[in-house]
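Scroll down for the structure; my scribbles are underneath it.
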Amino acid sequence: MDLLNGWVVLATIAVTMIVIVAGFFVVMRPGSGKRRTLRRIVTILVAQVCVLVAAASLINYQFGYFRNHTELWRFLTHEGDTGKIATVPSVPLNELAEQINNGDSSRYRVTWQESDDEGMRQATITGPESAINSQIRTWVPRGFPERGVKYNVMVLLPGTPGSAAAIGPAIGGPRALQEAIDAGKIAPTILITSDMNFGGQIATCADIDGGLKAETWFARDLPKIIQSNFDVSNRPEDWTVVGPSMGGYCAGRLGILHPDVFGNAVWLHGIDMPMEGSLSKVPGVRKAQALSTLAKGADKTANLLFVSSIIDKGTIEDARTVASAVNDPSRVYLDERSEGGHGWVVWIKEFPDVLTWLSKVR
């Protein structure tokens, strides 16, 4: 079942309305006794469940979290996870570019189509190395392509559940980027969004033995897709990965393990320890994959920006834990705020400050 089909959503809402109307007459029927009371309780509960399902369908339709019931089931049951982490050696951007120039380009070419995100185009591709099928969306600045311009790259990751859809406008990316470019604050930059809950499975952003190769997707396939379809810089300092919530964990992970791909990583109200899911099935694996643990073992990291707030409980503590574990403190920037909870309404206000940081850290 296509959960992003408008007719499916409308049918869900219609069924909900029918249940509510029918339930009203059931509840209002005269009578007394335990059976009538039980009938009322069951009717009210069924109506409430239908309302919740309809609301969830509308939210999913807006943000594209799950494309079908199979993805939803995998997310809820953690189907397909095994737990053991595979190491993904880091390959520098210039070497990835050489592979593209030596004939790899055709495997990474995509056909862009208009999307329902204003000003953004979309494509779907299966990564040649990761075998992950993902949607990606892109925004390019005004005047693209300019002759002789090597564009900077910003990859935006969603939280979990999350997909490539809607997150660009949700964080105000296109407008804020264009304003920063027009003001000369940052160089011309393209924005890329990607799925993160591949096949509906809980995001780990790691390669799981016998499971998803998410790290290979983000560190190998996605950069090659970008290089094959856009005239971009091959300098890591011109590439930035940004993520809120669980996307912050993924952004931090890429900045720690693959600084020769992403020279800048932004952790927006993220976490130190990855979420339960595939990683929780092996004792000690989640702790071993904590950003603070990974940072201790990394000789070099990207420039790391941690944005957190007192109101968003745990984010300041996690940010400090990861920051203190980084071997080179000069690469770490802490932005601790007294206000701002957890959600897009907060992150859209913080995103312009991310661009200001990028203009200074370079």
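First residue of the sequence shown? That's 14 in this note's numbering, and the numbers climb one at a time after it.
Even glycine gets a Cβ: it sits at the ideal position worked out from N, Cα and C.
On a predicted model such as this, the values are computed, not experimentally measured, just so you know.
Separation of Ile194 and Thr202 (C-alpha to C-alpha, rounded to the nearest whole angstrom) is 8 angstroms. If you keep only unbroken beta strand (DSSP E) runs of at least 3 residues inside the region 193 to 217, you get 202 to 207. Under the three-pair Cβ rule at 8 angstroms, the region 103 to 118 does not count as touching the region 167 to 174.
When the beta-carbon positions are compared, Ser321 and Ala311 stay at least 9 angstroms from each other.
Secondary structure of Ile26 (DSSP, three-state): helix. Counting C-beta atoms within 10 angstroms of its own C-beta, Asn210 has 16 or more neighbours from the protein chains shown and is therefore classed as buried.
Separation of Trp230 and Leu267 (C-alpha to C-alpha, rounded to the nearest whole angstrom) is 11 angstroms. Cβ neighbours of Ala308 within its own chain (closer than 7 angstroms, five residues either side excluded): Ile269, Thr314, Val335, Ala338 and Val339.
For Asp222, the number of other beta carbons within 10 angstroms of its own is below 16, and it is reported as exposed. For the options Gly132, Ser128, Asp130 and Ile149, the alpha carbon positioned closest to that of Ile138 is the one of Ile149. Annotation: the continuous alpha helix (DSSP H) that includes Val374 extends over Trp357 to Val374.
Checking the DSSP bridge columns, you'll see Ser321 partnered with Glu349.
Around the CB of Gly140, 16 or more other CB atoms lie within 10 Å, so the residue is classed as buried. In the three-state reduction of the DSSP assignment, Met259 falls in the helix class, which pools H, G and I.
By the Cβ neighbour-count rule, Arg155 is exposed, with fewer than 16 other Cβ atoms within 10 Å of its own. Scanning Ile238, Asn242 and Val279 for the CA closest to the CA of Glu142 turns up Ile238. For the pair Ala227 and Asn146, the Cα-to-Cα distance works out to about 10 angstroms.
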